[in-house]
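Presented below is the structure to which this report refers.
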Amino acid sequence: MESTMVLIKPDAVRRRLIGRIIERLEARGLTIRAMKMVRISRELAEKHYAEHASRAFYPKLVSFMTSGPIVAMAVSGPAAVTLVRKMIGATDPTESEPGSIRGEYSLDVTENLVHGSDSPESAASELALWFEQSDYVD
Ligand code: IDP
Ligand code: MG
1 MESTMVLIKP DAVRRRLIGR IIERLEARGL TIRAMKMVRI SRELAEKHYA EHASRAFYPK
61 LVSFMTSGPI VAMAVSGPAA VTLVRKMIGA TDPTESEPGS IRGEYSLDVT ENLVHGSDSP
121 ESAASELALW FEQSDYVD
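Note that the working numbering has the sequence shown beginning at 1, numbered continuously upward.
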């Protein structure tokens, strides 16, 4: 069993897509192990996206991620990292497949509704930023 970090980003919360996104994860057979709705600090947004600190889009990304509440989840299941990334769809809106969450509901490269960790290692470090280990580990 593997755990991954999922964020329902501020645009999805504003657009009232929380339920539809969670419904897809649960319908697939994944388990929500921990969940909270929070408005995050600039510091947490910067840490979460530290790998992109040098990118031109980073300031806009941090502003977006602090623009409203986020739903943060620890999601587990077999190969949860890969499964969730496929369900979310590609970052580039012209590449996100119809049927994926981004491919169904977004055409913006920044405001793209959902975050999912890109590897088990990223999942471990991201989950540690957002949750206590006892929140999502038995
Ligand atoms: P991912 O969310 O699909 O893993 P990353 O490349 O890790 O994509 O980028 C993190 C987030 O930064 C994206 O989800 C999106 O919100 C934003 N982003 C990525 N690339 C761009 C870009 O080229 N322009 C503006 N925002 C971007
Ligand atoms: Mg990423």
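We treat Cβ as the ideally placed atom computed from N, Cα and C, and that holds for glycine.
Cβ-heavy atom distance between residue i and the ligand IDP below 7 Å?
i, result
"aspartate 138", "no"
"histidine 48", "no"
"leucine 7", "no"
Any idea what DSSP makes of residue i, helix, strand or coil?
i, result
"arginine 42", "helix"
"valine 13", "helix"
"leucine 30", "coil"
"serine 106", "coil"
Per DSSP, residue i forms a beta bridge with which residues?
i, result
"methionine 37", "Val71"
"glutamate 2", "Gly77"
"alanine 8", "The amino acid at residue 8 is misidentified as alanine; the sequence shows isoleucine. BP columns for isoleucine 8 point to Val71, Val114."
"serine 100", "Pro98"
Hey, is residue i close to the ligand MG, as in C-beta under 7 Å from one of its heavy atoms?
i, result
"aspartate 118", "yes"
* Asked: Which residue spans inside the segment 44 to 96 form an unbroken beta strand (DSSP E) run of at least 3?
  -> 70 to 77
* Report yes or no: do three or more beta-carbon pairs, one from the segment 45 to 54 and one from the segment 77 to 91, lie closer than 8 Å? => no
* Asked: Counting pairs of Cβ atoms below 8 Å between the segment 4 to 12 and the segment 72 to 79, do you hit three or more?
  -> yes
* Would you check if the segment 124 to 132 and the segment 91 to 99 touch, i.e. whether three or more CB-CB distances between them fall below 8 Å? => no
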